[in-house]
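With positions in the sequence shown counted from 1, the corresponding number in the numbering used here is that position plus 114. Shown next, in structure tokens, is the structure this report addresses.
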Amino acid sequence: MRSNISISMWNINGLHSKVLGDKSKNEDFINQIKTNDFIFLTETWSNTTIYVPGFKAISNVIPPKLNHSGRLSGGITLLFNAKFEAYVTVLKNSKHFLWCKISKEILKSENDFYLCGIYIPPETSKYFDSETFDKLEEEIITFSGKGDVILIGDFNARTGKLEDFISTDGNKHIQNLVQDDSYQTKRENFDNTVNSHGKHLLEICKNCDLRILNGRTKGDSLDHSQITFWIDMKDNADKILQDTPNSNFSKKLPPQFIWENISDRTFTESLRLPDIQMKFQNFLNNNYPTNNAGVNDCVNEFQDILLDAGNKSLKIKKVRKRYKIKNITNKKWFDKECRIKRHAVRKLANQKHRDPININLRNRYHHELKIYKNTLKLKKEEFHKQKIIELEKTAENDPNSFWKVLKTMDDEMPNNATSNTISEEQWLSHFQTLHSKHSLNESQHNVTKTLNIEELNKNQYANLDHPISDLEIRNAAKKLKKNKSAYSDRIKNEMIKCSTHVLLQGFIKLFNLILEAGNFPSQWCEGLITPIFKSDDRLNCNNYRGICITSCLGKFFCLILNERLHTFTKENDTLHPSQIGFLPNHRTADHILTLKSLIDKYVNQTTNGKIYACFVDFRKAFDSVWHDGMLLKLLRNKIGGKFYNLIKNLYSNSQCAVKQSQHRTPFFPYSRGVRQGCILSPLLFNIYLNDLPQLFNNLASDPLMLPNTTKLNCLLYADDLILLSRSKQGLQNCLDQLNSWCEQWLMEINLKKTKIMIFQKSTKKQQIPVFSIGNRILQITQEYTYLGLKLTPTGKFTLAMKTIADKAIQALFAIKKKVDFSNLKPKLAIKIFESIISPILLYNSEIWGAFTCINKDFHKWNQTPIEKTHLKFCKLYLDKKLQGIARLQKRKFVASSQASTAAKKQKVSSYSSKKALKIPSGNISNFFNVAEKPQVISEQICKWGLSEENLAKLLLDALNDLDLLIEDCRGQADLPFYYFTLNERLRDEEMPSFDLMPEDKRENDDDVQHHPLRLHQCEDNSIMVPGRAMLPVRNNASIRQCLHKPEMGLPPVPMHLAFEDKT
């Protein structure tokens, strides 16, 4: 029975660590938090809300004061057990204080408990406000009048051994109006220092009648130690809190087969074994009745043949029970060596806390801590190095392994906290409610009666009932995808693909029996739902989407049925032309192009032209399909006979369970929505919505006209619907019809995501029309994301391109968190870019690419958001490499600011003009661009195309040419100097050259003047380019032709570099 509440404070010195990364994903860190009911974390340095399973979190942080980016300061986070949520109230949350109230209903106290978490920056910090302690005192006075107050946190206060109460010794003659504190125990703390914060804290304690706990209890740990205290609870607190543990799952799932590279051969060989072939012959010879029992027996016997062959040839995935090692981090590279060193450090830390004045013990602790941190750093580097090697090996020949390695490049272990936070009963209740039967009104009852009548004539529509052929089975087998999860029957797609040519007659017999009987096997009607977290609160089931896993053999059969249904709808023009969702040879760009063409015709090419559009979003559209309504629409589209019986039987007997780990919940009926994960579902959904466009055609909808005179009042891509009209009344009529259709067919419109947009040239203030659906007003918006592309009323794609670029940059930096681009080879970096970033950047580019500014002015090609994102990738990849090149050449090249100093120190010797030497200045400038201006090389890569050949040429040519240039210069006995300038004013002028400098003039700085950049030889044969150097005035000057010409292509800005041989 619970008797108290534990409350703790911990200065964590930043939520993120350079070595261990995000502490909120560290298992030790999370477990330490879970040992408390309430805990304040100070100095989080992060505005990210910490997620701990079963805990609620409230956070604050101090933003940087400077304009440029920097680390956040301070930060307080309160985490408390979700069981106390009804009895905890957050009262005030400021940058230094976080106040909360714990209700007296669960405390053994007559007053509420006011708890304050505090972090006050040091007095030397720029974030410290001199009024902080005054504000704290005011708040203490306010809350102490309402209940009991406790302050806990990091005050950065050192109080020494000063008293925190007013002593009454010697004041017996003065009346004491407050409680006598003479009984207070003396604080025995090791710290003898007092600072300004400490004096303010002591003053608050005396004024507000508070006492400091530190030093009055056992232990007086320094620095970032965790402190904990307890308060008593009521005896019946357990019943009040209703602390009910989660129950276990009801049924364990069987282990699955492992499919390896050699499994194709071994499984096929097993199918040809005599005993397997004997079973297969018996299966072919048996006669099964065409009813539900006969179908199930036939399926079970055929599955046994596949499973028997699998047991003989395939490995089974064994779930080994691993004994969890306590106090282990969540890093993949944290191995046994790290654990041993960590254990040694923690052992010394515990000894240090027990004996804090032992200097030798402290020194040993810090020495072991340093070794431990170095070990962690080394393990992390080795881990990432090995991952990059694996990535390079799999990049070319093994795409599947490449993606697996890329997904596991990060340090963090996978977080599987879901099963510990949401109980089996909660999952079961959530999905049962989601897929429960609709509540029907009179209109739906009439639809059901109509269905029963029309089912009497279903056999008239037997176009899909012809026997399944071997060709259909072979074609369907080719479309099966590998590496898909298997159901609890353990049969994988790979097993089916390998067995079609060996057991072909068995597949024909099985599938035709099912078609003839019109009954789906019971096991094929089942499914296992795996909840996948989307966002927000992990304790809320609505923030998860279900992924359903069904029998692979059943999906193989549905693949054949879907191909028949698709061929039928295509030949009979069943689907309205405005619906293109999930259909072959159609894509989202088709509707985007249609919409853009309509905008150009009715808006851009006319005066005051407008298109009234409504973007409709259905709430949980696929999960809301009414089964009886879908069956009626199948019959109305002449889909009947045995095929209809199969669909009806499948949806009448569908049931699902929730799967987590190796267990599942009990099955529940799947009575609403199309089956998740079934290949038939998209086409059945399209048929369910198919009558909508025709209803709009029968209205006064004022539709738009396509060039082929086709009327168009809506566009459908599965459940994404746009209503279009040339008038306000026409759109309103469509909305009224849509509302009536939704009420009859049990679809719900999501008003938060359903918006009106008026396409027009000008978006100036005009009279805003009002549109409604039912009695609810719809919002008019200026932007909407349709099929992944951001649209605006003008029909331009500027915002769309920017949004796409932002998504690409987000993806780029998400990869950067896992992979250090600077460590990748060019070919691998290009593959990652082309595989992940490029598809995002080029999404629907065939549409918006034709309307960008590059078509009007090609010189602006690099100003588009898409090219800027491309450039961002180039910079991320090349930045460190270019810095490395600059450091590599530092022995030969120094900046111009150092050149003049070097020239003076080396006392530049005589100049020679006896022999001319032509120096290709363009090679030097190429290197300057690489070493000094990385953005130039990035622009070149974007311009030329990011290919391995261009990248290698760009990085290496300049260095190779420059090394040859230096070697040629060193080989000359008499090296003359030449003038060349980067100043536009001097491009076409002849530059003067001078004879040798006299000995008496070498160090005379009074007889010198400025000249353009030049090349000369020093005493140690180093080659200097001192920029605009100081040269002596000479009377016997000779004139030479300058080597610099405009065709050299040098940039029009001065570039001062020097060559210096330090080898």
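Beta carbons: idealized from backbone N, C-alpha and C, even for Gly.
For Phe269 versus Tyr228, is the C-beta spacing smaller than 8 Å?
-> At the C-beta level, Phe269 and Tyr228 stay beyond 8 Å of one another.
Asn676 beta carbon less than 8 Å from that of Leu794 | Cβ distance < 8 Å, so Leu794 and Asn676 count as in contact.
Which of the three DSSP states, helix, strand or coil, is assigned to Gln693?
-> Three-state result, Gln693: strand.
Mark Arg468 as exposed unless 16 or more other C-beta atoms lie within 10 angstroms of its C-beta, in which case mark it buried.
-> Within 10 angstroms of the beta-carbon of Arg468 lie fewer than 16 other beta-carbons, which makes it exposed.
Give the range of the beta strand (DSSP E) segment to which Trp159 is assigned.
-> Trp159 -> no beta strand (DSSP E), and no H or E assigned at all.
In terms of alpha-carbon separation, which member of Lys875, Ser854, Leu860 lies closest to Asn889?
-> That would be Ser854, whose Cα lies nearest to the Cα of Asn889.
Bridge partner(s) assigned by DSSP for Gln893 | Bridge pairing for Gln893: Lys869 [DSSP].
Can you say whether Thr664 is buried or exposed, counting buried as having 16 or more other CB atoms within 10 angstroms of its CB?
-> It counts as buried.
Which one or two residues does DSSP pair with Ile345 in a beta bridge?
-> Looking at the DSSP assignment, Ile345 forms a beta bridge with Ile119.
Cα separation between Thr824 and Pro807?
-> Using only the alpha carbons, I get a separation of about 13 Å.
Contact check, Phe935 vs Ala943, beta carbons under 8 Å = If you check the CB distance, Phe935 and Ala943 come in under 8 Å.
With DSSP as the reference, label Ser815 as helix, strand or coil.
-> Three-state DSSP puts Ser815 in coil, outside helix and strand.
Is Lys941 closer than 8 Å to Asn718 when the C-beta atoms are compared?
-> No, the Cβ-Cβ distance between Asn718 and Lys941 is not below 8 Å.
Contact check, Ile870 vs Gln896, beta carbons under 8 Å = Taking 8 Å as the Cβ cut-off, Ile870 and Gln896 do not qualify as a contacting pair.
Alpha-carbon spacing of Tyr61 relative to Phe911, whole angstroms = The structure shown does not extend to residue 61, since the chain is modelled only from 115 through 1177, so no value can be given for it.
Under the three-state reduction of DSSP, which class applies to Gln395: helix, strand or coil?
-> Note: Gln395 maps to helix in three-state DSSP.
Pairwise C-alpha distance: Val459 and Glu482 | If you take the alpha carbons of Glu482 and Val459, they lie about 6 Å apart.
Whether Gln370 touches Arg604 by CB criterion (8 Å) = Against a cut-off of 8 Å, the Cβ pair of Arg604 and Gln370 comes out as a contact.
Backbone CA spacing between Lys598 and Leu845 [nearest angstrom] | Using only the alpha carbons, I get a separation of about 45 Å.
So, helix, strand or coil for Asn207, using DSSP?
-> Reduced to three states, the DSSP call for Asn207 is strand.
Less than 8 Å separating the beta-carbons of Tyr784 and Ser766?
-> Against a cut-off of 8 Å, the Cβ pair of Ser766 and Tyr784 comes out as no contact.
Can you check whether the CB of Ile836 is closer than 8 Å to the CB of Leu826?
-> Their beta carbons are not under 8 Å apart, which means Leu826 does not touch Ile836 by this criterion.
Rounded C-alpha distance that separates Ser841 from Met915 | The alpha-carbon of Ser841 is positioned some 30 Å away from that of Met915.
Do you know how far the Cα of Glu317 is from the Cα of Phe343?
-> In this structure, the straight-line span from the alpha carbon of Phe343 to that of Glu317 is close to 24 Å.
Contact set for Ile341: own chain, Cβ-Cβ below 7 Å, skip 5 residues either direction = Excluding residues within five positions, the ones whose Cβ falls inside 7 Å are Ser122, Met123.
Those runs of the beta strand (DSSP E) which lie wholly inside the segment 767 to 854 and span at least 3 residues = Positions of the beta strand (DSSP E) runs, each at least 3 residues long and wholly inside the segment 767 to 854, are given as 769 to 774, 828 to 831, 834 to 839 in order along the chain.
Quick one: what does DSSP say Lys275 is sitting in, helix, strand or coil?
-> Reduced to three states, the DSSP call for Lys275 is coil.
For Leu291, which of helix, strand or coil comes out of DSSP?
-> Here the model assigns Leu291 a pLDDT of 42, short of 50, so the residue's position is not dependable and the matter cannot be decided.
Output the boundary residues of the alpha helix (DSSP H) element that contains Lys611.
-> The continuous alpha helix (DSSP H) containing Lys611 extends over residues 607 to 613.
Answer with buried or exposed for Pro698, where buried requires no fewer than 16 other C-beta atoms within 10 angstroms of its C-beta.
-> With fewer than 16 Cβ atoms within 10 Å of its Cβ, Pro698 is classed as exposed.
Going by the CB atoms, is the gap between Tyr233 and Glu157 shorter than 8 Å?
-> Yes. Within cutoff.
Given that a residue counts as buried once 16 or more other Cβ atoms are within 10 Å of its Cβ, and exposed if not, what is Ser692?
-> That one is buried.
Per-residue DSSP class, three states only, for Val616 | Coil.
Measure the CB-CB distance between Gly660 and Gln790 and report whether it falls below 8 Å.
-> It is a contact, given that the beta carbons lie within the stated cut-off.
Segment limits, beta strand (DSSP E) that includes Asp268 = 261 to 268 is the span of the beta strand (DSSP E), which, as asked, contains Asp268.
Can you name the residues that DSSP bridges to Asp136?
-> His130.
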